[in-house]
Each structure stands twice: as structure tokens, then as C-alpha cells.
């Protein structure tokens, strides 16, 4: 697709950088996990400081003060270590993990369920932790066998700290399904590490009150490394459209607290992933309400279509927008992102001129000096797109009462 080789190359570098960050301890929480590398050096430095103190001819009162300082420091370290064990910070990257217990379909029978909130129904997925962020949140991966598509691929998930706050234990959270550009297989570069800054952008936006604390769901978008499937059910090929529009949301509903209406569901994607994200919202406006589409292609162009015009039209955002306008709704919200250092702005603006009417609402986020890569698109999200999409989706609602802190 347009400039996809450039984005694929950059996304590969981004994956490598993110993995390097993980190995170097970048993004790990303060305390035990980071101290495995840096902490040993810190312990040695502290021992050396103590040895130097012993070599000085200090007065007895000075020695007493130093001993008292060591005792207090030791007590604090012990308390921090105990807390770290309690909250799981000693768990290694690559270890099995979870995002909370899934109680099953009988959850609602055990207490009052808020209108519009879907508790996780199970079955519970098996996750492997792949990264930790500085605030203690984690990115984890699972392998999903799509019941409807028949396709099996990996999905990465990140949830914000608010998800674990006792005040929100009865609340749903909005979901942002995030699709990569390039090959998008066997990895999704939004999920392989925090290096591109997507998770941190959500953290910062929620902390400032400008955007919602989204659940980020990051599936692969293609079935192999050789072909682009346009996020669609191309006849005779793996059903990647069903995978992303049906199987991935079903998996999220099984494992997380989500909204029952489309008002809590959106897509985000870049380049070929932006095409898929745009297409799914326009094709399934009853399921998804909004999209952030970055550096996006507008029409399907995979050679796997083999000239099947009818099938292509069923997955063409222009045709889908026309159909939605003719039907009179439901309303969808499209945010294009284009950098000034990349091409494609003319295509996004043409789509906006042709289809911004009735139920189709559009917006353009221009990223100054932005290039065709993930870091530029995250910058655009920080500069306005996250705030925009947060205004059209439902927020989590806390229970009344004082804050109890996140896990």
C-alpha cells in the first residue's frame, strides 16, 4: 500500500528500539524490577560509601547518626520490597500474567450490574507479559484462535491503572483497537513495547483530564509476511476482516469490562492499519463509533482481490460512506492524521469534501513536520486526536466514595 514499505522499515526499527528499551529497563516501574540491573550497582555504591565512612575518624555521635540512618533506610527498603512483591513487580518479562480474574457469565447474578456495562464473560485468555511501563502497568500478549474467522494470531493488550482502581470495579472502559502499518504480522508494533509512546500518551491524557483511559487492544492485521489482506475477507483468503471486526472484540468482551453499546468502541490505525481501521468503522457503524486513521489509504488495493470488484466495493471506505449516508446513520466520527512531511493529505481532504455530511463527521489533524511513522502519529494524538475521540466515546464512571488507589 502507499508508502507501506517505508512504514514497515520504520516500524521494524521501532520494534527493535522498544525491545531494546525493555532489555535496558526503560519503562520498568521504580523499585524491584529495575533494581535487578541498576540496583546491584546502587547496592555496591552504598557499600562503598559505608566503607569510606568507616575509614573516617568521625565522632561517636556521627557514627550513631549514620547507624540510625542505615536502620531507617533498611526499614524503608524492606517495606518497599514487601509492597513490590504484593503488587507483582518482581514478575519477569515473559512470565504468565493476567489483567484480573474473569468470573464468568454469572457475574451479574452476584450483584447489581450497571446499565450499559458488560462484565467479562470468559473464557479467560492466557497472557504473557511483554513489557512494563513506569507506572507499573503492563503490556501482555496472547494467542487468539478466532472462532468466526478460523484465523489464529497474536493480540497484545494494555489497560490503564484506573482499570484496577476499586472505584471503577463496576465500570466499563472504552476500547481502542490499534492497528499497525506495514506487514502487521507476526507482530503489532503498537504492542511489542512502549517505545512509540502510545500507552504513555493515553496515561498522560487521562492524568490531565483531556482524554479517556482507554483499553488498548493490538492485534496482528495480516495472515503472513508476504501479503496485504486489506483488513478484509478477500474471497479464498484468510478472513482478516472477520478476525478484526468479530473475533478480536469477542475476545475483549470475554476478558475485560466493556460497554454494551458502540459508544465505547473505536479503532486507531496507521497506513494500511489506518485503512483497516477506517473501513471497519464505516462497515460496522452499529459496533464501532469512531476512528483515528493516520497516513491512511482510502481504497482497497491488495493484489489478492484479483479484480473482484463486488468484493472490493464491499470493503471500500468511499462506497461504505455513501451507503451510510444513504441509510441516514448511525453517526460515525472520523479523525484523519497527516504529517506535513508525508504525502496523502489530498486524498484525506477529498474524502472529507465528498462524504462529510449526514451521519459522517470528519476532522483533520495536521502534524507539523510529521512523517509517515508511528512516533509522528502518536504526537498527533497528543496534540488533539485523543482529546477529540474522547469527546465522542463513553468514559468510565467511578463509584461514589473516596479513592482507594490502583493496583
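In this note's numbering, the protein residues as written are 8 to 414.
We put the CB at the ideal spot given by N, CA and C, even for glycine.
Alpha-carbon spacing of residue 176 relative to residue 170, whole angstroms: Here the C-alpha atom of residue 176 lies approximately 7 Å from the C-alpha atom of residue 170.
Spatial distance of residue 158 from residue 231 (CA atoms): Rounded to whole angstroms, residue 158 to residue 231 spans 11 Å at the Cα level.
Exposure of residue 398, with buried meaning 16 or more beta-carbon neighbours within 10 Å: The residue in question, residue 398, is exposed, as its Cβ has fewer than 16 Cβ neighbours within 10 Å.
Beta carbon of residue 360 nearer than 7 Å to that of residue 374: Contact check for residue 360 against residue 374 fails: the beta carbons are separated by 7 Å or more.
Neighbourhood of residue 204 by C-beta, 6 Å cutoff - its chain only, sequence neighbours within 5 removed: Counting only Cβ-Cβ distances below 6 Å, and skipping sequence neighbours, we find 385.
Extent of the continuous alpha helix (DSSP H) run through residue 282: According to the DSSP assignment, residue 282 belongs to the alpha helix (DSSP H) that extends over 279-290.
Residue 214: first and last residue of the uninterrupted alpha helix (DSSP H) it sits in: Where residue 214 is concerned, the enclosing alpha helix (DSSP H) stretches over 205-215.
Nearest to residue 3 (by Cα), restricted to the options 240, 403, 355 and 379: Nothing can be reported for residue 3, as the shown portion of the chain is limited to 8 through 414.
CB of residue 264 within 7 Å of CB of residue 179, strictly: The answer is yes: Cβ separation under 7 Å.
Reduced DSSP secondary structure (H/G/I, E/B, other) of residue 375: Look at residue 375 here: in three-state DSSP terms it is coil, with no helix or strand label.
Straight-line Cα distance separating residue 330 from residue 290: Answer to the nearest angstrom: the Cα atoms are 9 Å apart.
Nearest-angstrom Cβ-Cβ length linking residue 448 and residue 328, presumed shorter than 8 Å: Residue coverage of the chain in this structure runs from 8 to 414, which leaves residue 448 outside it and unanswerable.
Reduced DSSP secondary structure (H/G/I, E/B, other) of residue 134: Residue 134: strand per DSSP, three-state reduction.
Pairwise C-alpha distance: residue 225 and residue 136: Between residue 136 and residue 225, the C-alpha separation is close to 14 Å.
For residue 331, three-class secondary structure by DSSP: Helix, per DSSP.
Pairwise C-alpha distance: residue 188 and residue 152: Approximately 22 Å between the Cα atoms of the pair.
Residue ranges of each beta strand (DSSP E) within the region 218-256, 3 or longer: Complete beta strand (DSSP E) runs here, min 3: 222-226.
Helix, strand or coil at residue 396 according to DSSP, with G and I counted as helix: Looking at residue 396 - three-state DSSP - the assignment turns out to be helix.
CB-CB length for residue 279 against residue 235, believed under 8 Å: Right, their Cβ atoms sit about 6 Å apart.
For residue 229, the nearest candidate out of 402, 245 and 403 (CA to CA): Nearest to residue 229 by C-alpha distance, out of 402, 245 and 403, is 245.
Cβ neighbour criterion (16 or more within 10 Å) applied to residue 392: With at least 16 other beta carbons inside 10 angstroms of its own, residue 392 counts as buried.
Check whether residue 195 and residue 227 have beta carbons under 7 Å apart: It is a contact, given that the beta carbons lie within the stated cut-off.
Contacts around residue 2, its chain only, beta-carbon distance under 8 Å, and the 5 residues preceding and following it disregarded: Any answer about residue 2 is impossible in this case: the structure gives the chain only from 8 up to 414.
Assigned exposure category for residue 144 - 16 Cβ within 10 Å defines buried: That one is buried.
Cβ-Cβ separation, residue 366 to residue 337 (assumed contact under 8 Å), whole Å: That belief holds up - the Cβ atoms of residue 337 and residue 366 are roughly 6 Å apart, short of 8 Å.
Cutoff 7 Å; reference residue 311; Cβ partners in own chain excluding five residues on either side: Cβ neighbours of residue 311 beyond the five flanking positions: 234, 236, 241 and 244.
Simplified DSSP state of residue 128, which is helix, strand or coil: Here residue 128 carries a coil assignment [DSSP, helix/strand/coil].
Beta-carbon separation (whole angstroms), residue 371 vs residue 345, contact threshold 8 Å: Right, the Cβ-Cβ distance comes to about 7 Å (below 8 Å), so this counts as a contact.
Residue interval of the beta strand (DSSP E) (run including residue 185): Here the beta strand (DSSP E) through residue 185 covers 182-186.
Entirely enclosed beta strand (DSSP E) segments - the region 332-357, minimum 3 residues: Assignment of beta strand (DSSP E) within the region 332-357, counting only whole runs of 3 or more residues, yields 339-346 in chain order.
Within 7 Å, strictly: CB atoms of residue 252 and residue 186: For residue 252 and residue 186, no; Cβs fall outside 7 Å.
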